[in-house]
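Protein chains in written order, with the numbering used here: chain V, 1 to 345; chain X, 346 to 690.
Every residue, glycine too, gets a C-beta built ideally from N, C-alpha and C.
Number of protein chains: 2
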Amino acid sequence: MSSIRDVAREAGVSVATVSRALSMPEKVSEEAMNKVHRAIEKVGYRPNMLARNFRSARSYAIVVLVPDIANPFYSLVIRAIEDRAQQKGYAVLLGDTRGTPERELEYIRRVETRLADGLLQLRPHSEKTHNVIPPDIATVNACGCEYTTGPSVRIDNRGAAKTIVDYLISLGHRRIGAISGLKDNPHAIDRMKGYKESLAEHGIPFDPDLVAEGDFTMWSGLNSAFQFCHMKNRPTAIFSTNDEMAIGAIQTLKSQGIRVPEDMSVTGFDDIAYAKYTDPSLTTMSQPAEEMGKMAMDMLLKIIEGEPLTQTECVLPTEFIIRKSTAPAPGAELPNTPKKVTPAP
Amino acid sequence: MSSIRDVAREAGVSVATVSRALSMPEKVSEEAMNKVHRAIEKVGYRPNMLARNFRSARSYAIVVLVPDIANPFYSLVIRAIEDRAQQKGYAVLLGDTRGTPERELEYIRRVETRLADGLLQLRPHSEKTHNVIPPDIATVNACGCEYTTGPSVRIDNRGAAKTIVDYLISLGHRRIGAISGLKDNPHAIDRMKGYKESLAEHGIPFDPDLVAEGDFTMWSGLNSAFQFCHMKNRPTAIFSTNDEMAIGAIQTLKSQGIRVPEDMSVTGFDDIAYAKYTDPSLTTMSQPAEEMGKMAMDMLLKIIEGEPLTQTECVLPTEFIIRKSTAPAPGAELPNTPKKVTPAP
DNA sequence: TTGTAAGCGTTATCAG
DNA sequence: CTGATAACGCTTACAA
């Protein structure tokens with residue numbers, strides 16, 4: 001519990017010199033430097049960061065607001081954020097909101113009360129169900145959507161979804177079921193837009209009976225798929241707005257004796273690590289999770305440090321990964337099997 | 346940026362009264378209370394927690410040291426920790442070490458410099474490869490092993506592993522391959538002990554050729570399995586020390602035309618969410634991830650607050666989950682198929 | 001290059 | 001119950 005004073009006394013210099021030796025070494029003589037370091041060693045001094053942060057009115061911490069840390073896509077983004085933060089000397093406060101506005105508010109308060117210098121959001125902001133972020137708070141959205149306001153990093157969810165459905169249609173599918181996220185989830189909304197756009201473009205009428213509402217969990221994918229199994233005129237393909245629901249859906253299909261992809265194709269979204277190891281492996285849209293986290297962190301740091309933002313919205317490219325869960329529609333006659341699909345911008 | 350002074354002036358009371366109104370409301374008259382709250386509202390006051398923490402020499406934060414946040418088992422534990430921390434008014438600093446002692450040290454420093462009040466470790470401590478935690482730091486291990494020193498929460502890794510291998514043997518398996526974690530990983534060591542114990546108990550000689558060293562990733566499981574496929578006298582079952590390696594291994598086996606479980610049984614460890622959705626679904630040992638995080642957090646809080654610990658080591662029960670990835674050994678004659686297996690203590 | 005001393009926003013200690 | 005005031009450990013003008 002020794003303080004800077006003890007070091008100063010031991011070294012025979014002033015506290016100012018000790019302070020400077022620690023934070024502006026170039027302004028201290030070599031001799032003083034040595035004395036200080038010896039003294040630090042001797043008294044076992046550790047600077048009190050609480051005091052330093054207080055004095056400099058900065059916490060060197062940011063909070064990450066995430067709907068669910070156990071979601072593998074989010075944990076990838078967070079890992080990248082943490083990595084970057086550590087490099088820059090910032091700490092990451094974990095803010096798992098579990099979808100509740102109350103918990104979210106707690107974390108917003110943490111930055112209002114100076115416990116954090118900024119806020120990184122991993123879920124698109126929907127004013128209806130979430131708190132509005134006070135305007136004086138430095139914040140960046142790392143997983144934005146089309147209508148995200150304020151600085152954000154995102155992918156083209158709509159375009160990426162359209163790419164997937166275009167592909168399904170090119171395989172001869174005409175009845176394509178969709179497993180959406182919750183109705184007011186901005187990611188689900190954007191992706192469903194792409195789904196509808198693709199259908200419209202190919203002259204396929206949109207059928208509301210063909211969309212099931214999930215909540216991005218495997219469990220909900222499992223349940224949603226039942227709805228499609230027992231239809232009189234069941235779809236030949238399922239477009240899921242994320243990988244876990246697709247994995248759950250495949251499970252159900254198999255249990256009902258429906259072969260994937262021979263009888264029904266299934267696509268995911270995110271390309272989580274498990275997508276490659278399911279049976280069959282999952283055709284899906286890969287998001288640059290690491291890059292998203294890293295870029296968002298860099299943007300937030302700029303805002304915090306008062307540097308100008310070169311661009312306020314950053315749309316990153318996705319990659320369409322074709323694996324084994326998709327095949328030509330049963331009985332479809334294809335002019336030629338598509339070899340290549342342009343990735344979403 | 347208004348301070349407690351502004352509130353005091355506005356309310357016509359002293360700063361001491363404002364401070365008390367906020368942290369010891371029972372010691373303030375109702376009248377003063379009202380004046381203060383009106384003033385707070387009016388000037389838009391938010392207490393500066395940096396100052397409060399500095400003054401009270403507490404950060405109300407803990408750091409969680411985790412080898413890899415993207416590991417689904419760890420993210421479950423962390424979610425529970427965060428939940429508990431939030432309830433108790435503590436923040437969680439994410440410390441993803443990526444296995445490097447340097448990053449680990451950075452986080453240990455954070456608690457030495459008062460930026461956190463305590464340390465929760467999610468990996469067993471092995472003195473050889475990790476920093477030693479200074480004795481004056483409040484710390485609890487949430488995923489301990491047999492030889493973890495200091496307060497810890499853990500499961501009986503050895504016993505649980507033995508339960509699995511006992512089961513395999515009861516199915517008639519005699520040549521049982523093992524995919525271990527890295528040699529010096531304490532979890533891997535404990536679990537491999539259980540493996541060997543079970544073999545010994547059943548009079549099956551231990552064969553070093555039958556153990557592959559993985560690193561707990563799916564990728565390493567995938568590679569390890571190849572080693573078993575191409576053996577002259579290949580095993581009829583694989584005991585993997587975690588689920589991801591088991592999932593990777595199954596992938597390899599299938600690709601090599603080896604049916605699971607008909608030709609070869611595979612077992613995992615952890616029971617991550619995906620274990621239920623692989624094909625075939627995975628027989629594995631379920632760890633009480635949430636409970637482990639919650640208990641460890643409670644213990645750490647007690648240490649921080651100076652309360653006595655009722656017990657310093659807490660061993661939680663596991664549950665053996667038999668799914669579809671295990672079956673009787675090919676050609677084995679079983680006296681009677683085992684119906685029930687006693688779970689590890 | 002170094003030292004002196006004035007804060008930073010709170011809480012805690014004393015008197016009143 | 002309330003108010004004045006001294007810390008808390010550090011940074012940073014300003015002076016030397």
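Which residue from the options puts its Cα closest to that of residue i?
{"i": "Asn-48(V)", "options": "Asp-298(V), Phe-216(V), Leu-22(V), Gln-87(V)", "result": "Leu-22(V)"}
{"i": "Met-563(X)", "options": "Gln-572(X), Asn-587(X), Met-576(X)", "result": "Asn-587(X)"}
{"i": "Tyr-619(X)", "options": "His-518(X), Asp-428(X), Val-605(X), Arg-668(X)", "result": "Arg-668(X)"}
{"i": "His-575(X)", "options": "Gly-522(X), Ile-514(X), Lys-621(X), Asp-624(X)", "result": "Gly-522(X)"}
{"i": "Ala-356(X)", "options": "Val-373(X), Met-378(X), Lys-372(X)", "result": "Met-378(X)"}
{"i": "Val-43(V)", "options": "Asp-6(V), Leu-50(V), Val-28(V)", "result": "Asp-6(V)"}
{"i": "Thr-612(X)", "options": "Ser-626(X), Tyr-622(X), Leu-654(X)", "result": "Ser-626(X)"}
{"i": "Arg-46(V)", "options": "Arg-259(V), Gln-311(V), Ser-2(V)", "result": "Ser-2(V)"}
{"i": "His-551(X)", "options": "Ala-487(X), Asp-560(X), Met-537(X)", "result": "In the sequence as displayed, the identity of residue 551(X) is Phe instead of His. When only C-alpha atoms are compared, the closest one is Met-537(X)."}
{"i": "Gln-87(V)", "options": "Leu-171(V), Lys-294(V), Ala-249(V), Gly-306(V)", "result": "Lys-294(V)"}
{"i": "Gly-89(V)", "options": "Leu-395(X), Val-456(X), Glu-451(X)", "result": "Glu-451(X)"}
{"i": "Thr-650(X)", "options": "Arg-397(X), Ile-482(X), Pro-370(X)", "result": "The question names Thr, yet the displayed sequence has Glu at residue 650(X). Among Arg-397(X), Ile-482(X), Pro-370(X), the Cα nearest to that of Glu-650(X) is on Ile-482(X)."}
{"i": "Cys-488(X)", "options": "Ala-361(X), Thr-671(X), Phe-418(X), Glu-607(X)", "result": "Phe-418(X)"}
{"i": "Arg-354(X)", "options": "Arg-468(X), Ile-423(X), Ile-385(X), Glu-376(X)", "result": "Ile-385(X)"}
{"i": "Met-299(V)", "options": "Ser-19(V), His-125(V), Gly-150(V)", "result": "Gly-150(V)"}
{"i": "Gly-331(V)", "options": "Leu-301(V), Thr-236(V), Ala-246(V), Phe-269(V)", "result": "Thr-236(V)"}
{"i": "Pro-317(V)", "options": "Ala-327(V), Leu-309(V), Glu-290(V)", "result": "Glu-290(V)"}
{"i": "Ala-533(X)", "options": "Arg-400(X), Asp-608(X), Cys-490(X), Tyr-512(X)", "result": "Cys-490(X)"}
Flag this pair as yes or no: are the beta carbons of residue i and residue j separated by less than 8 Å?
{"i": "Asp-462(X)", "j": "Ser-404(X)", "result": "yes"}
{"i": "Gly-159(V)", "j": "Gly-194(V)", "result": "yes"}
{"i": "Val-498(X)", "j": "Met-637(X)", "result": "yes"}
{"i": "Leu-94(V)", "j": "Ala-296(V)", "result": "no"}
{"i": "Val-510(X)", "j": "Leu-460(X)", "result": "no"}
{"i": "Ile-303(V)", "j": "Val-132(V)", "result": "no"}
{"i": "Ile-169(V)", "j": "His-202(V)", "result": "yes"}
{"i": "Phe-573(X)", "j": "Gly-526(X)", "result": "no"}
{"i": "Asn-578(X)", "j": "Arg-520(X)", "result": "yes"}
{"i": "Pro-134(V)", "j": "Glu-112(V)", "result": "yes"}
{"i": "Ser-631(X)", "j": "Ile-595(X)", "result": "no"}
{"i": "Ala-327(V)", "j": "Leu-122(V)", "result": "no"}
{"i": "Arg-424(X)", "j": "Ile-69(V)", "result": "yes"}
Comparing the C-beta of residue i with each C-beta of chain X, is any distance below 8 Å?
{"i": "Ala-70(V)", "result": "yes"}
{"i": "Glu-102(V)", "result": "no"}
{"i": "Ser-377(V)", "result": "An answer regarding residue 377(V) cannot be provided, because it is not within the stretch 1 to 345 covered by chain V."}
{"i": "Met-218(V)", "result": "yes"}
{"i": "Asp-6(V)", "result": "no"}
{"i": "Ala-416(V)", "result": "Nothing about residue 416(V) can be read from this structure; chain V reaches only from 1 to 345."}
{"i": "Asp-117(V)", "result": "no"}
{"i": "Thr-113(V)", "result": "yes"}
{"i": "Val-132(V)", "result": "no"}
{"i": "Ala-225(V)", "result": "no"}
{"i": "Ser-3(V)", "result": "no"}
{"i": "Ser-180(V)", "result": "no"}
{"i": "Ile-78(V)", "result": "yes"}
{"i": "Arg-174(V)", "result": "no"}
{"i": "Asp-270(V)", "result": "no"}
{"i": "Gln-256(V)", "result": "no"}
{"i": "Leu-65(V)", "result": "no"}
I'd like to know whether the C-beta of residue i is nearer than 8 Å to at least one C-beta of chain V.
{"i": "Val-590(X)", "result": "The question names Val, but residue 590(X) is Met in the sequence shown. No, Met-590(X) lies away from the interface with chain V (no Cβ there is under 8 Å from its Cβ)."}
{"i": "Asn-398(X)", "result": "yes"}
{"i": "Ile-534(X)", "result": "no"}
{"i": "Pro-392(X)", "result": "yes"}
{"i": "Glu-542(X)", "result": "no"}
{"i": "Gln-431(X)", "result": "yes"}
{"i": "Arg-455(X)", "result": "yes"}
{"i": "Ala-545(X)", "result": "no"}
{"i": "Gln-656(X)", "result": "no"}
{"i": "Ala-436(X)", "result": "yes"}
Report yes if the C-beta of residue i is less than 7 Å from at least one heavy atom of the ligand SAH; otherwise report no.
{"i": "Ile-549(X)", "result": "With respect to the ligand SAH, the structure shown offers nothing to examine, as it has no ligands at all."}
Determine contact between the segment 540 to 556 of chain X and the segment 600 to 618 of chain X, defined as no fewer than three beta-carbon pairs at a distance below 8 Å. No, they do not touch.
Would you check if there are 3 or more beta carbon pairs closer than 8 Å linking the segment 25 to 43 of chain V to the segment 78 to 88 of chain V? By the criterion of at least three beta-carbon pairs nearer than 8 Å, the segment 25 to 43 of chain V is not in contact with the segment 78 to 88 of chain V.
Could you give the uninterrupted runs of the alpha helix (DSSP H) lying entirely in the segment 11 to 68 of chain V, keeping only those of 4 residues or more? Restricted to the segment 11 to 68 of chain V, the alpha helix (DSSP H) segments that are unbroken, complete and at least 4 residues in length are 15 to 23, 30 to 43, 49 to 56, listed in chain order.
Pick out the complete beta strand (DSSP E) segments inside the segment 512 to 582 of chain X, 3 residues or longer, and give them in chain order. Fully enclosed beta strand (DSSP E) runs of no fewer than 3 residues occupy 521 to 525, 556 to 558 of the segment 512 to 582 of chain X, in order along the chain.
Of all the alpha helix (DSSP H) runs that stay within the bounds of the segment 425 to 473 of chain X, which reach a length of 4 or more residues? Here the runs fully enclosed are 446 to 457.
With a floor of 4 residues, list each alpha helix (DSSP H) that falls wholly inside the segment 269 to 323 of chain V, ordered by position along the chain. Listed in chain order, the complete alpha helix (DSSP H) runs (minimum 4 residues) inside the segment 269 to 323 of chain V are 289 to 305.
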